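Take a look at the structure set out below.
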Amino acid sequence: MLFKYPDLRVLLFAKEPVYGQVKTRLHDAIGVKKAYDLHCSMLRYQVNNILDSGLAPMELWVSGNLGNPVLKSLPMDGHVYQQVGRDLGRRMQSAVVAAKSRSDAVVLVGTDCPSVDREYLESALELLSAGRQLVIGPAEDGGYVLLGIRENLPRLFEDIPWGTDKVLPLTLERANQLKLDIELLPSRWDVDRPEDLARLATLNPPLGLDGCG
Numbered sequence: 011m012l013f014k015y016p017d018l019r020v021l022l023f024a025k026e027p028v029y030g031q032v033k034t035r036l037h038d039a040i041g042v043k044k045a046y047d048l049h050c051s052m053l054r055y056q057v058n059n060i061l062d063s064g065l066a067p068m069e070l071w072v073s074g075n076l077g078n079p080v081l082k083s084l085p086m087d088g089h090v091y092q093q094v095g096r097d098l099g100r101r102m103q104s105a106v107v108a109a110k111s112r113s114d115a116v117v118l119v120g121t122d123c124p125s126v127d128r129e130y131l132e133s134a135l136e137l138l139s140a141g142r143q144l145v146i147g148p149a150e151d152g153g154y155v156l157l158g159i160r161e162n163l164p165r166l167f168e169d170i171p172w173g174t175d176k177v178l179p180l181t182l183e184r185a186n187q188l189k190l191d192i193e194l195l196p197s198r199w200d201v202d203r204p205e206d207l208a209r210l211a212t213l214n215p216p217l218g219l220d221g222c223g
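When the letters of the sequence shown are read in order and numbered with the numbering used here, they come out as residues 11 to 223.
Spelled out as structure tokens, the structure:
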């Protein structure tokens, strides 16, 4: 496949689909089975959308067992990697270092953020291609849905209270301390809470709830 940005990489961060262990904040609202199916559906949705975009080579970085049948069924052609590190920050930093060895810059996104569409992703890749050092897509809950980075900057990932509304302000504080050239994209939503579920109907292309089968 010919990519618009062949020297960049999109790193999709995902949690291994394990029944009862994914989308746990939604268990009370929709049940364990539907939460599991939603996780698998969003994983496939993001993989297919990023691949179909033709923007840049994609790597799938997984927390868990790479031999999971759901993961093996994805059209990744071997570009699946193990997340390494005791917290999310260390895992992201490790992935950035590895991917930077084969690219000029990387964009990290997660499977919980289906609102990161082709246009949004392309805007981040274009900024990085033009030389921007750091591109951040803020999440409405105080984190971020996308991080684009040109350099190995471990300080951006250290001692961050992941999963809280302090993630974005602390990341921006670190970036300013490092005197980075930063671009903030418009904020987007992710799927963590029951009130987020209604927004899935607004996605284009639609999110098919095919589950893990």
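Here a beta-carbon is modelled for each residue, glycine too, at the ideal position from N, C-alpha and C.
Bear in mind that the values here come from a model prediction, so they are computed numbers and not experimental data.
Residue range Leu98 to Lys110 is occupied by the alpha helix (DSSP H) that includes Gln103.
About 20 angstroms separates the Cβ atoms of Val57 and Leu98, ruling out a contact at the 8 angstroms cut-off.
The C-beta distance from Arg209 to Trp199 rounds to 6 angstroms, short enough to fall under 8 angstroms.
With a beta-carbon spacing of about 28 angstroms, Leu217 and Ser113 fall beyond the 8 angstroms limit used to define contacts. CA-CA distance, Asp122 to Ser51, rounds to 10 angstroms. The alpha-carbon separation between Lys25 and Lys43 amounts to approximately 16 angstroms. For the pair of segments examined, the stretch 78 to 92 was found not to touch the stretch 155 to 174: the number of CB pairs separated by less than 8 angstroms stays below three. Here Asp47 is buried. Its C-beta has 16 or more other C-beta atoms within 10 Å. For Met52, the three-state secondary structure derived from DSSP is helix. For Tyr130, the enclosing alpha helix (DSSP H) has its first and last residue at Arg128 to Ser139. By the Cβ-count criterion, Val28 is exposed, with fewer than 16 other Cβ atoms from all chains shown falling within 10 Å of its own Cβ.
Using a C-beta cut-off of 8 angstroms, the stretch 146 to 165 makes contact with the stretch 174 to 193, since at least three inter-stretch Cβ pairs fall below that distance. The DSSP-derived three-state label of Ile159 is strand. Residue state for Tyr46 is assigned as helix, using DSSP reduced to three classes.
Gly147 is bridged by DSSP to Leu156.
Comparing alpha carbon positions, the residue from Leu131, Asp127 and Pro171 closest to Val117 is Leu131.
Counting only runs of 4+ residues, the alpha helix (DSSP H) found wholly inside the stretch 167 to 201 occupies 177 to 187, in chain order.
Sequence-distant partners of Met68 (beyond 5 residues in either direction) whose C-beta falls short of 7 angstroms from its own C-beta, in its chain, are Val20, Leu22, Ile60, Leu61 and His89. Here Ala66 carries a coil assignment [DSSP, helix/strand/coil]. By the Cβ-count criterion, Gln143 is buried, with 16 or more other Cβ atoms from all chains shown falling within 10 Å of its own Cβ. Within the DSSP secondary-structure output, Ser73 pairs in a beta bridge with Lys25.
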